[in-house]
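As you go down the protein sequences, you meet chains A and B in turn.
Under the working numbering, the first residue of the first sequence is numbered 128, with each subsequent residue one higher.
Under the working numbering, the first residue of the second sequence is numbered 128, with each subsequent residue one higher.
2 protein chains.
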Amino acid sequence: MMRLSDSIESFIKTLLSQDETEVELKRNELAEYFGCAPSQINYVLATRFTLDDGYVIESRRGGGGYIRIVRVVESGPQRLSYLINERIGSAITEEEAGRLIGQLAEQQVITSQEADIMRAAVSGQTMAIPVPDQMKDALRARCMRNMLTAVARQNRAQPG
Amino acid sequence: MMRLSDSIESFIKTLLSQDETEVELKRNELAEYFGCAPSQINYVLATRFTLDDGYVIESRRGGGGYIRIVRVVESGPQRLSYLINERIGSAITEEEAGRLIGQLAEQQVITSQEADIMRAAVSGQTMAIPVPDQMKDALRARCMRNMLTAVARQNRAQPG
DNA sequence: TCGATTCTGACTATCTTTGACCAACACAGT
DNA sequence: ACTGTGTTGGTCAAAGATAGTCAGAATCGA
């Protein structure tokens with residue numbers, strides 16, 4: 128018998144394959160549909176719809192809340208998971224970040240204006256806080272990762 | 128199923144988009160129109176029409192009372208200069224930064240993609256370091272200023 | 001059997017909506 | 001002018017509506 132998580136996973140992927148690059152759902156409704164605890168939905172999202180898998184999750188609480196799952200492009204030399212895991216990792220210097228940004232601009236993954244903004248974001252001037260350089264490099268890595276995720280988020284994967 | 132607040136927000140924005148820079152309304156009438164508590168109107172104004180969002184609210188009680196919503200109209204360079212030199216200051220929260228960024232995107236000073244990148248850069252996830260919130264807000268302020276300065280430079284380089 | 005994976009439930013965080021009570025303003029009567 | 005009354009809008013705290021987290025129980029697979 129198929130696992131619950133697998134059922135939920137394929138259910139969501141079916142929704143996503145129907146010509147849609149994103150799908151919005153209600154956590155409680157989905158949980159009720161599958162007769163499981165709402166937190167089960169979070170488990171599925173956390174284990175099968177990660178960034179490395181090529182998905183970005185957005186959500187909102189409160190009345191009219193939702194969970195949105197967006198499928199992003201996850202192939203080619205500028206693959207997100209590659210950039211984040213291999214190129215950026217848990218820490219990155221300003222120089223390395225600058226090179227990476229330059230390459231992305233050159234490959235036209237981002238515009239030169241976006242590149243300027245990203246360089247400004249991770250510049251030494253921004254990171255002027257009294258913590259070890261190590262921590263600044265970790266901070267810069269998270270900043271880069273989040274910005275690249277935003278770029279990927281704009282770059283939807285076509286179904287198929 | 129749209130949120131009531133969202134409906135009210137878009138209703139007001141529709142009124143404002145018709146070449147109008149300001150709109151005047153009666154709180155009780157609007158509340159009755161949407162079948163909600165009058166204070167719901169205040170909630171919408173407080174959460175979606177703040178100064179950082181680019182709106183000024185004026186109102187008057189008593190007979191003939193009203194609520195006036197004025198959209199701030201400033202040129203891109205003016206707005207950037209104000210944000211960089213006055214509004215951001217030495218510290219800014221994620222929420223405040225998000226509003227400023229959203230406003231710039233709406234005024235087409237930056238693209239929505241650039242807005243997404245900037246939001247990612249100053250997100251709480253980026254700022255996940257073991258320092259007081261105060262310091263994160265200061266870091267965020269420097270990041271914002273640097274990014275906006277980059278945008279201002281671009282505008283100066285090729286206006287239009 | 002044992003570690004990894006899956007699932008659940010209690011508790012938490014966030015966003016929205018409402019209602020009771022408060023404050024300000026206009027106007028009519030004095 | 002002064003005061004009383006009705007007409008607005010403002011505030012705030014509580015209730016309602018969602019989603020998130022995390023530790024531990026249950027289950028699976030080697």
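Just so it is clear, CB atoms sit at the ideal spot from N, CA and C, and this is done for glycine as well.
For L152 of chain B, the enclosing beta strand (DSSP E) stretches over residues 149-152. Shown here for R198 of chain B: same chain residues with a beta carbon closer than 7 Å to its own, the five before and five after excluded, namely L143, T148, E149, G181, Y182 in chain order. Spatial neighbours of A279 of chain B in its own chain (CB-CB distance under 6 Å, excluding positions within 5 residues in sequence) are listed in chain order as L207. For I194 of chain A, the beta-bridge partners assigned by DSSP are A:L152, A:S186.
Neighbours of R283 of chain A in chain B, taken as residues whose beta carbon is under 7 Å from its own, are absent, since the nearest beta carbon is some 12 Å off. The Cβ neighbour count for R269 of chain B, taken over all protein chains shown within 10 Å, is at least 16; the residue is labelled buried. In the three-state DSSP reduction, R283 of chain A falls in the strand class (E or B). Assignment of beta-bridge partners to V278 of chain A by DSSP yields no partner. Excluding five sequence positions before and after I139 of chain A, the CB atoms of its chain that fall closer than 8 Å to its own CB belong to V150, L152, V171, F176, I196, given in chain order. The C-beta distance from A164 of chain A to A158 of chain A rounds to 6 Å, short enough to fall under 8 Å. Taking C-beta atoms as the reference points, M274 of chain A and I237 of chain B fail to come closer than 8 Å.
Residue state for V200 of chain B is assigned as coil, using DSSP reduced to three classes. Distance from the Cα of S166 of chain A is smallest, within the candidate group A:L131, A:A242, A:R272, for A:L131.
Remark: three or more beta-carbon pairs, one from each stretch, lie closer than 8 Å, so the segment 254-272 of chain A and the segment 213-226 of chain A are flagged as touching. For I139 of chain B, the uninterrupted alpha helix (DSSP H) run begins and ends at 131-144, by DSSP.
F161 of chain B sits in a helix when the DSSP states are folded into three classes. With fewer than 16 neighbouring CB atoms inside 10 Å of its own CB, E185 of chain A falls in the exposed class. One thing to note: L266 of chain B has its Cβ within 8 Å of the Cβ of I256 of chain A. Think of a sphere of 9 Å around the beta carbon of L266 of chain A: the chain B residues whose beta carbon falls inside it are T253, M254, A255, I256, L266, in chain order. Taking R283 of chain B as reference, the option from B:M129, B:G190, B:P204 with the minimal CA-CA separation is B:P204. Put simply, the CB of T276 of chain A is near chain B, with a gap under 8 Å to one of its CB atoms. Annotation: the continuous alpha helix (DSSP H) that includes A232 of chain A extends over 221-233. Annotated three-state conformation of L266 of chain B is helix, per DSSP. When DSSP states are grouped into helix, strand and coil, M271 of chain B belongs to the helix group. A straight-line Cα-Cα distance of about 60 Å links G190 of chain B and S137 of chain A.
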